[in-house]
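Going by numbering that gives the first Met the number 0, the first residue of the sequence shown is number 0, and it counts up by one from there.
The C-beta atom is built at its ideal place from N, Cα and C for all residues, glycine as well.
Bear in mind the structure is a predicted one, so any value in this text is a computation, not a measurement.
First comes the structure, then the notes that go with it.
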Amino acid sequence: MTIPQNITSLAESRTVGLIKQRRSNRIEELQVQIERLKKRVRIAVIFGGDKRVQGAVINPTFNPRSWKSYETVANDIAVALKTLGFRHVQVIPEDMRIGERLRKERIDLAWLNSGGVQGYISMSHSAAILEMIGIPYIGHDPMIAGILDSKHIFKRMLKALDIPTAPFMTWSLAQGEFVPSSNDRFNRVFSNYSGPFIVKPVSGRASLNVNLVEDLSALPETVSDLCQATENHVLIETFLPGREFCVAVCGPVICRNNILQRRGLPFTFAAVERRLDDNEKIFVSMDIRPITSNRVNILDPNVDGDVIQRLEELANEVFQEMNLETLIRLDVRMDAEGNMFVLEANPKPDLKTPTPEKTSLVCTSLASYGMSYEDLILSLLADRLDLYLSQRRGSITNLAKLLE
C-alpha cells in the first residue's frame with residue numbers, strides 16, 4: 000500500500016483550514032539554510048534524567064507520571080541527525096545541571112525527547128527551562144506540552160472545540176470517597192450508562208495503569224486505588240467497544256529523499272489500526288508487550304479510504320484548532336456504531352528507529368509515504384526551523400547568526 004507521491008494524505012484536497020502559503024522560493028531557501036547549518040549548528044538531543052543519579056536533583060520527589068529516560072530513542076534521533084550530515088550532535092540528560100551543560104557545550108538547538116525527571120506536569124519542564132535560558136528547541140511549548148499530557152484538560156479542550164471524545168469525569172481523594180450513586184456529576188455525565196468504564200491516570204505513558212472496570216460495583220475501589228498509586232486525579236470515561244486507531248500529525252514542511260516540500264495542510268500520516276487479541280478489550284502497556292508488526296495493521300487507502308480520511312480530518316482539526324506546532328499522535332476509538340472518538344494525544348510519540356523485531360506506531364508506515372526514518376527526522380527539524388526563521392526570529396538570536 001502506497002500513498003501517491005503527489006498527494007501525501009487523503010485530506011490534502013480539502014479546502015477547510017489551509018495553511019497560509021509562503022513566497023514561492025521559501026522552501027528552496029530553507030533547504031539552503033539547513034545545508035549551511037549542518038556544518039555549524041551544535042545540537043543536543045535531550046532525554047529524561049534519572050533523579051537517582053548523584054547531582055540530578057536537589058531532592059528526589061514522587062513521579063505521578065511513570066518515568067522513563069527515552070535515552071535509547073534519543074540516541075536513535077542523534078544517529079539519524081548525523082546520518083543526515085549534522086556534524087555536531089550529542090545526547091544530554093534533562094536534570095538540574097542541564098543549563099550549565101548546554102552553556103558549556105555551546106548548544107545552539109535542542110531536540111526534546113524527554114518526559115521529565117520528576118514532579119507534576121513533568122512533560123513541560125524541559126521546554127520551560129529552554130525558554131528561560133534562550134535555547135530554541137524542537138518540541139511543544141511548555142503550556143501545550145502540559146495540556147496534551149494532562150488527559151482531562153485535553154479532553155475538556157476537545158469538548159470546547161466540539162471534537163468528539165468519550166464522556167468522562169475526574170476524581171481525586173481530596174474530594175472524599177467516590178460514590179457513583181450519589182455523585183451528581185457522575186449521574187449527569189453517564190446518565191443511564193452502567194459500564195464498562197475506563198479508569199486511568201490523568202497523566203501517564205505507555206498505557207500503564209489503565210483499568211477496564213466492567214460495572215459500577217468495582218468502580219469506587221479502582222478509583223481509590225489509582226488515586227493512591229498516582230497521588231493525582233484519575234480519569235473515568237465510558238468504554239468504547241469498537242476498533243482502535245492511531246494517526247500522527249505534524250507541521251506542513253516534510254522531507255522525501257532529503258528534499259523539502261511544503262504542503263497546504265499539516266502532514267497527517269501513520270494511520271494504523273491496533274490489533275487486539277480475541278481475549279483483549281484494551282491494550283496492555285508497551286512496557287509489558289512491545290509493539291510489533293503483528294499488533295499493528297497499516298490501513299490501506301484502497302480498502303479503508305473512508306476510515307483514513309476521517310482519522311486525517313480529526314488529526315488536522317486537533318492540530319490547527321489547538322495551534323500545535325510539532326508532532327503528536329492521536330489515539331482514536333470507535334463506539335459500537337462506528338463513530339470515532341479521540342481518546343488522547345501523545346505529545347512525545349515514540350520515534351524509535353524501526354527494526355524487524357520492534358517498531359513504533361508513528362514510524363511503522365513511513366515507507367507508504369515514500370519516506371525513510373531520516374526523512375521524518377529532517378521533516379520535524381525543518382518544519383520547526385521554518386517556524387522560527389519566518390515567525391520567531393527573536394527567539395533564535397544565536398542560531399540566526401550561524402546563517403550570516
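By the Cβ test, the segment 113-122 is in contact with the segment 58-74, since at least three Cβ pairs between them sit closer than 8 angstroms. Taking a contact to require three or more Cβ pairs closer than 8 angstroms, the segment 122-139 and the segment 314-330 qualify as touching.
Residue L379 holds the alpha-carbon nearest to the alpha-carbon of L259 among L379, D94, S193 and F85.
For T82, the uninterrupted alpha helix (DSSP H) segment begins and ends at E70 to T82. In this structure, D148 lies near M122, with their beta-carbon atoms less than 8 angstroms apart.
Between the alpha carbons of P300 and E311 lies a gap of roughly 12 angstroms. Fewer than three beta-carbon pairs drawn from the segment 184-193 and the segment 267-282 are found closer than 8 angstroms, and the two stretches are therefore not classed as touching. When secondary structure is reduced to three states using DSSP, Q89 falls in the strand class. Non-local beta-carbon contacts of N186 in its own chain, meaning distances under 6 angstroms to residues more than five positions away in sequence, are absent. K50 carries a coil assignment under DSSP once its states are collapsed to helix, strand and coil.
Assignment of D224 by DSSP, reduced to helix, strand and coil, places it in the helix class. DSSP places N301 in the uninterrupted alpha helix (DSSP H) bounded by P300 to E320.
Contact between I235 and A270 is absent: CB atoms are separated by about 29 angstroms, not below the 8 angstroms threshold. Taking C-beta separations shorter than 7 angstroms and ignoring five residues to either side along the sequence, the partners of T164 in its chain run K154, L157, K158, F340 and V341, following chain order.
Residue pairing by DSSP places C362 in no beta bridge whatsoever. For T396, the enclosing alpha helix (DSSP H) begins and ends at T396 to K400. Sixteen is the threshold: when 16 or more other Cβ atoms of the shown chains lie within 10 Å of the Cβ of V88, as they do, the residue is buried. Under the three-state reduction of DSSP output, P141 falls in the helix class.
In the three-state reduction of the DSSP assignment, T229 falls in the helix class. When the alpha-carbon of A126 is set against those of A217, G47 and F266, the nearest one is in G47. If you check the CB distance, S65 and E93 do not come in under 8 angstroms.
With respect to M333, R261 sits apart: the two C-beta atoms are not nearer than 8 angstroms.
Buried is the label assigned to D107, since at least 16 other Cβ atoms lie within 10 Å of its Cβ. If you ignore the 5 residues before and after S364, its C-beta comes within less than 6 angstroms of the C-beta of A269 and I297, all in its own chain and listed in chain order. Judged by DSSP secondary structure, D330 falls within the beta strand (DSSP E) whose first and last residues are I327 to M333.
The C-beta distance from A43 to M95 rounds to 16 angstroms, too long to fall under 8 angstroms, and the pair is not in contact. Here the C-alpha atom of L36 lies approximately 7 angstroms from the C-alpha atom of L401.
If you draw a straight line from the Cα of L386 to the Cα of F196, it is about 41 angstroms long. Boundaries for K347: no beta strand (DSSP E) harbours it, and the DSSP string shows neither H nor E there. Per DSSP, M168 is one residue of the beta strand (DSSP E) stretching across F167 to W170.
DSSP lists no beta-bridge partner residue for P219. Within 10 angstroms of the beta-carbon of T354 lie fewer than 16 other beta-carbons, which makes it exposed. Close CB contacts of N231 within its chain, under the 8 angstroms cut and outside five residues either way in sequence, are with P63, Y119, S171, P200, V201 and S202 (chain order). Within the model, the alpha-carbon separation for L83 versus M168 is close to 46 angstroms. R255 and Y372 have their C-alpha atoms spaced approximately 10 angstroms apart. Short of 7 angstroms from the beta carbon of G145, and not among the five residues preceding or following it, lie these beta carbons of its own chain, in chain order: I120, M122 and S123.
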